[in-house]
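Colleague:
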Amino acid sequence: MDSQFDFNILENPFGQPTIPLEFPFPAPENLNAHASEFSILGTFLETISSCKYSEVYTYNEFRHPNKPVQLYNKEAPFHKDMLSHMREKLAHDEKLAAIVAQVVAQEVANGLVKDDAASRAARYEQVKTFMAEYYATHNQTNFPKFESLPLLRVSYFTVMKIFTKIFPQGIWCNKHEFLVLHAKLYADPMSVIFCPSHKSHVDYMIIHLLCIQFQLSLPAVIAGDNLNVAVFGKLLQNMGAIFIKRTFAGDFYTGENLHHFTEYLLRKKVNFEVFIEGTRSRNGKLLLPKFGIMKNIVSIVAQDRARGGALDVLMQPVAIQYEELYESDGYMNELMGNDKKSESFLRIINAGVSNILPSWSNEVAQGKGRIFVNLGKSFKLHDFLALPKQQALSASENIISLGFKTLHAVNRSAYIPDIALVTTALYVHYYNAYDKLDHTVDEARYKNTSGQVKYKNKITLVSTYDVVDEMKWLVEHLVSHDTLYKYLLDITRNHLRGELAKLIEVNVGKFLGKSIKVVKPSGGHLRVVEKHELRIESSIEMMYYKNLMLHLYIEESILALVILLLSRFSYNYNKILTKRKITRVYHFLRSTFRMEFLYVLKIDVFLDRFLKSGFIVKTDEDLAQNQAIYEVTNKPALMRLSLFVKPFLETLQLCLHNLHSILIRDQNEGISVKQLLKQIQLGKPHYDIKYHESINKMNLVNVIWLLNDTRTTEMYKKKEKKGTVEALRIIKEDYFMRFMNLIDFIYYYDGNYSMNQKLFFTYGDYEFKSEVISMVDFVQLRRVTKL
């Protein structure tokens, strides 16, 4: 493990619930009123265990000056002050008054209320009183309480007891990163907007545990209203949960009410936890940002500044990396077509209790891996909005830009665990070798006892030492242009080949043992060189870990694919590889995959990188066109890099062809989205599947969103026997067919596929160039935000 991680919060969470900080904090005032709450249960816990119950969350609310409100303070209850403030807002909000007036006017028009001043006024007061009481009750039951310190301390004890069992190898972080955060808040107190990556339900609790131990105020956090159940909902409210519906459709005032509450939190300098991806990522890579609560935060700060105020917040990206996801089995089943099971914290707590009391449940699950938490580079929201390039953008564009900036910071700070490096090298080597196999036996399909069609890779043996070489190449290439990942180079350079082979086998056996087997030699005395091997029984398990590194290679992968395509396309490829043509096709594919990836750099950076690495050379200069002409000099390197984008290209091709078959069969009557996904994942029609991960649900859904975004298809409500479902149909047949044909051409002409495999048509040089130019305009973003 890299030396940047110097603290495990699970090492002594009961004996040291508060981490000593080397920071000159003054003695906190009014501490006794906050910390001396008596609890019979707490006294009992201290008596029978080593838990220093009374030290949990003792100083957190007093570490930074001028904080307008202290959470868990009986003398000035947060919940009481918040409810009073929100009632005042309800009584005087002009938007609520306008909504009530509109309702009364509609009732008068429908003859439900007499059309005279007295009747209208009476009805207005009646409706306004009802709505004010309705939302006051809503605020009482759905907004955070932050009121019971004993309950918080017992919750800390319980969760830590569970986590030390579930994650015995620890949750690791860097103390200095938290000292830096404290220093910023001490110099300029404000709300911290924690923006963590989101791969597990455990993320919520990790952020709270870190705040408790590192003496930070607990954050409020958005939670689904499905978690607001008896007892459990009260517990979450006490720790900062804001329960909201998945959609505000049909609610007159819920969004505005949440806006007022968010403003209250920011003005009181209460911290906030925002999962900017909107939902958990099931496949390892970051999702594109969602902008729900961020719209409120940005508009509140911007409006205050416009009025001459000084309100600000500190944006704090947080990267949480798991060596083994708690929900990994459920994710894999869901991604590969099984129905999603209902989920909540209760399932995690149940499984945790089963570790403490084995007789409690049959679902005993103990994690094998570590969790790594990094704080990314924080920034003040106002400083970001005041940048000249942001000033030139509209409000909505600024929100988009903020979302991408935050997620880029999460990616930059994310630690790459050993298993991610091992799996990425294994993935590249496996599919590089796979390209050389006979594609008539690509994937064997078989049915299990339930009748579901599954995909099973042809069992393939891979030399562990070949994976070592692949790992060395990937790291050398990465670190040659990005020294941030030098710690990976320390692994590959400071260990002998045999040690690296052992590292690979240990990690594969530990985390991928269900689908990849370590095959050791029989040990016969005649065998001089022992070559350990890995048997790939299913490649799908590699997806999650490979995707932890995907952002480091994906833009190079797209460019490598383009160069390989163009270099094979013409008999005289030295003249086809012009910068202009490379750029055209590159931007076409980059736009095509915009629903999948977070892009960072411009094409010139990657072309220069390829030149310095010796993958291509500049052979000539077209002075008339003012552009370079290139030649491929290291095709194997480009083939390696191109492998990262190919599963997504295959997903796109599969989805387009299945939609096309529906268009022919059903005269474009449309198909439910769920039925479409099932059809693709069950292998009907039977296309050859090279990349097992290409049929995972998240990739397929992103293709559907791309087609909707380009207005090629549309989502609509379709009536079926079981009720109304969300369905999809094609609305631009011409563009759809051209897009499908172009993707077919790229898919089957990208490198090693022979030209007789399902190539439905062939472009000439001029026709291909013209079609790409046309389709670039078709798939490009309607609103481009440069970051």
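Residue numbers (full-length UniProt numbering): 1 to 787. The beta carbon of each residue, even a glycine, is placed where N, CA and C say it ideally should be. Model, not experiment: these values are computed from the prediction.
Have a look at V192 and E61 and give me their C-alpha separation to the nearest angstrom.
Modeller: Each residue's Cα considered, the two are about 14 Å apart.
Colleague: Judging by CA-CA distance, which residue of V673, A414, S84, I743 is the nearest neighbour of T713?
Modeller: Among V673, A414, S84, I743, the Cα nearest to that of T713 is on V673.
Colleague: Contact defined as beta carbons within less than 8 Å: I believe R207 pairs with T406. What is the distance between those atoms, to the nearest angstrom?
Modeller: Note that residue 207 corresponds to Ile in the displayed sequence, not to Arg. Going by Cβ atoms, the distance from I207 to T406 rounds to 15 Å, so no, they are not a contact pair.
Colleague: Pull up the CB-CB distance for P17 and Q215, whole angstroms please, since I reckon it's below 8 Å.
Modeller: Contact flag wrong, Cβ pair sits at about 10 Å.
Colleague: From K635 to K268, what does the alpha carbon distance come to, in whole angstroms?
Modeller: Taking the straight line joining both Cα atoms gives about 59 Å.
Colleague: Once the 5 residues before and after K718 are set aside, which same chain residues still bring their CB inside 8 Å of it?
Modeller: Excluding sequence neighbours, K718 sits near G670, S672, T724, V725, E726, A727.
Colleague: Along the beta strand (DSSP E) that carries T724, what are the first and last residues, could you check?
Modeller: Note, T724: beta strand (DSSP E), 723-730.
Colleague: Just mark S155 as buried or exposed, buried being the case when its beta carbon has 16 or more other beta carbons within 10 Å.
Modeller: Buried is the call here.
Colleague: Are the region 292-308 and the region 256-271 touching by the rule of at least three beta carbon pairs closer than 8 Å?
Modeller: Because the criterion of three Cβ pairs below 8 Å is met, the region 292-308 and the region 256-271 touch.
Colleague: Considering only DSSP beta bridges, list what G255 is partnered with.
Modeller: Paired residue(s): none; G255 is not in a bridge.
Colleague: Around the Cβ of I664, are there at least 16 other Cβ atoms within 10 angstroms (buried) or fewer (exposed)?
Modeller: I664 should be labelled exposed.
Colleague: Flag this pair as yes or no: are the beta carbons of L171 and L10 separated by less than 8 Å?
Modeller: Just to set this straight, residue 171 is Ile in the shown sequence, not Leu. The answer is yes: Cβ separation under 8 Å.
Colleague: For the region 694-706 against the region 646-663, are there 3 or more C-beta pairs whose distance is under 8 Å?
Modeller: Touching, per the Cβ criterion.
Colleague: Rounded to the nearest angstrom, how far is the Cβ of Y599 from that of L559, given a contact under 8 Å?
Modeller: No, Y599 and L559 are not in contact; Cβ-Cβ is about 12 Å, not under 8 Å.
Colleague: Taking all protein chains shown into account, do 16 or more other C-beta atoms lie within 10 angstroms of the C-beta of L781, making it buried, or fewer, making it exposed?
Modeller: With a pLDDT of only 40 at L781, under 50, the local geometry of the prediction cannot be trusted, and the value read off the model is given with reservation. With fewer than 16 Cβ atoms within 10 Å of its Cβ, L781 is classed as exposed.
Colleague: Would you kindly report the start and end of the unbroken alpha helix (DSSP H) that includes R153?
Modeller: That run of the alpha helix (DSSP H) goes 149-166.
Colleague: Taking the straight line between their C-alpha atoms, what separation do you get for F232 and L565?
Modeller: Going by the C-alpha atoms only, they are around 56 Å apart.
Colleague: Would a C-beta distance cut-off of 8 Å place E147 and F194 closer than the cut-off?
Modeller: No; because the gap between Cβ atoms is not below 8 Å, this pair is not in contact.
Colleague: Bridge partners of N110, per DSSP?
Modeller: DSSP lists no partner for N110.
Colleague: Nearest-angstrom Cα distance between Y253 and A105?
Modeller: Whole-angstrom Cα-Cα distance: 17 Å.
Colleague: Between the Cα of T137 and those of H176, L496, M82, spot the shortest distance and give me the residue it belongs to.
Modeller: T137 has its Cα closest to that of M82, out of H176, L496, M82.
Colleague: Where does K697 fall in DSSP's three states?
Modeller: Helix, per DSSP.
Colleague: In terms of DSSP beta bridges, what is P317 paired with?
Modeller: Partner(s): C195.
Colleague: Between which two residues does the alpha helix (DSSP H) carrying S642 extend?
Modeller: It spans 635-642 - the alpha helix (DSSP H) in which S642 sits, taken as one unbroken run.
Colleague: Identify, in the order they occur along the chain, each residue of the same chain with its Cβ nearer than 8 Å to the Cβ of L577, setting aside the five sequence neighbours on each side.
Modeller: Contacts found: I563, L566, S567, I616, I629, Y630, E631, V632.
Colleague: Out of S3, L489, L325, point me to the one whose CA is closest to H477's CA.
Modeller: Taking only the C-alpha atoms, the option nearest H477 is L489.
Colleague: At the level of alpha carbons, what is the spacing between T619 and K472?
Modeller: For T619 and K472, the distance between alpha carbons rounds to 29 Å.
Colleague: In angstroms, rounded to a whole number, what distance separates the CA positions of Y124 and M549?
Modeller: Y124 and M549: Cα-Cα distance of roughly 59 Å.
Colleague: Check this for me: beta carbons of N139 and I242, under 8 Å apart or not?
Modeller: Not closer than 8 Å, so no.
Colleague: Is there contact here, the region 506-520 with the region 416-426, by at least three beta-carbon pairs under 8 Å?
Modeller: In short, these stretches touch, since the Cβ pair count reaches three.
Colleague: Grab the span of the beta strand (DSSP E) containing E714 for me, first residue to last.
Modeller: Unbroken beta strand (DSSP E) run through E714: 713-720.
Colleague: For P68, count neighbouring C-beta atoms within 10 Å of its own C-beta (all shown protein chains included) and say buried if the count is 16 or more, exposed if not.
Modeller: So P68 ends up on the exposed side.
Colleague: Give the secondary structure of M619 by DSSP, where H, G and I count as helix, E and B as strand, and everything else as coil.
Modeller: Here residue 619 turns out to be Thr, not Met, going by the sequence shown. Strand.
Colleague: In the DSSP assignment, what are the bridge partners of E22?
Modeller: In the DSSP output, where bridge partners are listed per residue, E22 has none listed.
Colleague: How many whole angstroms separate the CB atoms of R535 and L461, which I take to be in contact at a CB cut-off of 8 Å?
Modeller: So it is a contact: roughly 6 Å between Cβ atoms.
Colleague: Please say whether G376 and V313 have beta carbons closer to each other than 8 Å?
Modeller: No, Cβ-Cβ distance for V313 and G376 is not below 8 Å.
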